[in-house]
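Here the structure comes first, spelled out in C-alpha cells, and everything after it is commentary.
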Amino acid sequence: MQKKNLLITGAPGSGKTTLIRALADPLRGLHPAGFYTAEIREEERMVGFCLVGLDGRREILAHRDIGGPYRVGRYGVDLERFEEFLAAISLFDPGTGLIVIDEIGKMECFSAAFRHLIREALDSTVPCIATIAQKGGRDIERVKAREDVRIVTVTRKNRTALLPVLLEEVRRMAG
22 MQKKNLLITG
32 APGSGKTTLI
42 RALADPLRGL
52 HPAGFYTAEI
62 REEERMVGFC
72 LVGLDGRREI
82 LAHRDIGGPY
92 RVGRYGVDLE
102 RFEEFLAAIS
112 LFDPGTGLIV
122 IDEIGKMECF
132 SAAFRHLIRE
142 ALDSTVPCIA
152 TIAQKGGRDI
162 ERVKAREDVR
172 IVTVTRKNRT
182 ALLPVLLEEV
192 RRMAG
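Now the structure itself:
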C-alpha cells in the first residue's frame with residue numbers, strides 16, 4: 022500500500038532541510054504549501070532559527086536572545102510568533118497538492134497549534150513531506166508510529182542519491 026506521508030529524519034546537519042527544499046522546488050507544479058526552517062547567523066555564528074514560508078513569508082522561531090519558558094538548548098522559542106506564522110500560511114487551500122513541513126521537532130512541538138496542524142496535515146487527503154527530529158518526545162514518536170507514514174533516514178553519504186528517488190516517490194504519492 023502506498024503511504025501518502027513521507028517523513029525525512031537524520032542527525033542534525035545531515036541535510037534534512039536541504040533535501041526537503043530540493044524536493045519542493047521541482048514539485049512547484051503541485052502547488053506546494055508549507056514552510057522550512059533556516060538558520061539565523063550573525064558574524065558566522067548561529068544565533069537562532071527562522072521560518073520561511075513557501076509563499077516567501079518569514080518569521081523568527083527561536084533565538085538565543087529570546088527569554089521565556091520554552092527553550093531548546095541555548096535558544097528561546099517565540100511561541101506567539103510561531104503560532105501567528107502558522108495561522109497566516111495556507112496549508113489547506115483547495116489548490117494545494119503537496120504539504121511541506123520542516124520541521125517536526127522539539128521547538129515546534131511546544132505549540133499545541135502546531136501539533137494540531139501536523140495531525141490535520143497527515144490526516145488530510147493531500148500528500149505531506151516533512152522533516153522530523155531523529156529523537157524527541159512523545160509527540161514526535163507518535164507521528165513516527167503512524168501507519169500512513171514512510172520514514173527515510175538521510176545521511177551525508179546518501180542525501181544526494183536520495184533526491185531523484187524521493188522526487189519520483191512524491192510524484193507517485195501526488196499521482
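Quick note on the working numbering: the sequence shown kicks off at 22 and runs consecutively.
Heads up, the beta-carbon is just placed ideally off N, CA and C, and yes, glycines get one too.
Below 8 angstroms, how does it come out for the segment 43 to 58 and the segment 96 to 104: are there three or more Cβ pairs, yes or no?
Cβ pair count under 8 angstroms is below three, so no.
Quick one: measure Cβ to Cβ for A134 and L107, integer angstroms, because I've assumed they're closer than 8 angstroms.
As a working mapping, residue 134 is identified with position 113 in the sequence shown. As a working mapping, residue 107 is identified with position 86 in the sequence shown. Right, the Cβ-Cβ distance comes to about 6 angstroms (below 8 angstroms), so this counts as a contact.
I'd like to know whether the C-beta atoms of G69 and R85 end up nearer to each other than 8 angstroms.
Against the sequence shown, residue 69 aligns to sequence position 48. Against the sequence shown, residue 85 aligns to sequence position 64. In contact: G69 and R85 (Cβ atoms closer than 8 angstroms).
How should F131 be labelled, buried or exposed, when 16 other C-beta atoms within 10 angstroms of its C-beta is the threshold for buried?
One-based indexing of the sequence shown puts residue 131 at position 110. Per the 10 Å Cβ criterion, buried.
Just mark E189 as buried or exposed, buried being the case when its beta carbon has 16 or more other beta carbons within 10 Å.
Here residue 189 refers to the residue found at position 168 of the sequence shown. E189 should be labelled exposed.
Please tell me whether M194 and L28 are closer than 8 angstroms, where the distance is taken between their beta carbons.
Taking the first residue of the sequence shown as position 1, residue 194 is located at position 173. Taking the first residue of the sequence shown as position 1, residue 28 is located at position 7. No, these two residues do not count as a Cβ contact at 8 angstroms.
Could you check how far apart the C-beta atoms of A151 and I122 are, in whole angstroms? I think they sit under 8 angstroms.
On the sequence shown, residue 151 is found 130 positions in, with the first residue counted as 1. On the sequence shown, residue 122 is found 101 positions in, with the first residue counted as 1. A151 to I122, Cβ: 4 angstroms. Contact.
Within 8 angstroms, strictly: CB atoms of R177 and S35
Numbered from its first residue, the sequence shown carries residue 177 at position 156. Numbered from its first residue, the sequence shown carries residue 35 at position 14. In contact: R177 and S35 (Cβ atoms closer than 8 angstroms).
For A1, three-class secondary structure by DSSP:
Nothing in the structure corresponds to residue 1, since the chain is present only between 22 and 196.
Determine the direct distance from the alpha carbon of C149 to that of E141, and round the result to whole angstroms.
In the sequence shown, counting from the first residue as 1, residue 141 sits at position 120. In the sequence shown, counting from the first residue as 1, residue 149 sits at position 128. Rounded to whole angstroms, the gap between the alpha carbons of E141 and C149 is 10 angstroms.
Please report the straight-line C-alpha distance between L138 and G157, rounded to a whole angstrom.
The residue given as residue 138 occupies position 117 in the sequence shown. The residue given as residue 157 occupies position 136 in the sequence shown. Counting only the Cα atoms, G157 lies some 18 angstroms from L138.
Considering only DSSP beta bridges, list what R171 is partnered with.
On the sequence shown, position 150 is the one that residue 171 refers to. L27, per the DSSP bridge assignment.
Can you find the residues in the same chain that come closer than 8 angstroms, C-beta to C-beta, to L143, ignoring five residues on each side of it along the sequence?
By one-based count along the sequence shown, residue 143 stands at place 122. Here the set comprises N26, C149, V164, R167, D169, V170.
Could you round the C-beta distance between A43 and L184 to whole angstroms and report it? I think they count as a contact, below 8 angstroms.
Residue 43 sits at position 22 when you count from the first residue of the sequence shown. Residue 184 sits at position 163 when you count from the first residue of the sequence shown. Right, the Cβ-Cβ distance comes to about 5 angstroms (below 8 angstroms), so this counts as a contact.
Environment of D76 [buried if 16+ CB atoms lie within 10 Å]:
Walking along the sequence shown from the start, residue 76 turns up at place 55. Counting Cβ neighbours within 10 Å, D76 comes out exposed, since fewer than 16 surround it.
Measuring straight from C-alpha to C-alpha, what distance separates E105 and Y57?
The residue you call residue 105 lines up with position 84 of the sequence shown. The residue you call residue 57 lines up with position 36 of the sequence shown. Answer to the nearest angstrom: the Cα atoms are 16 angstroms apart.
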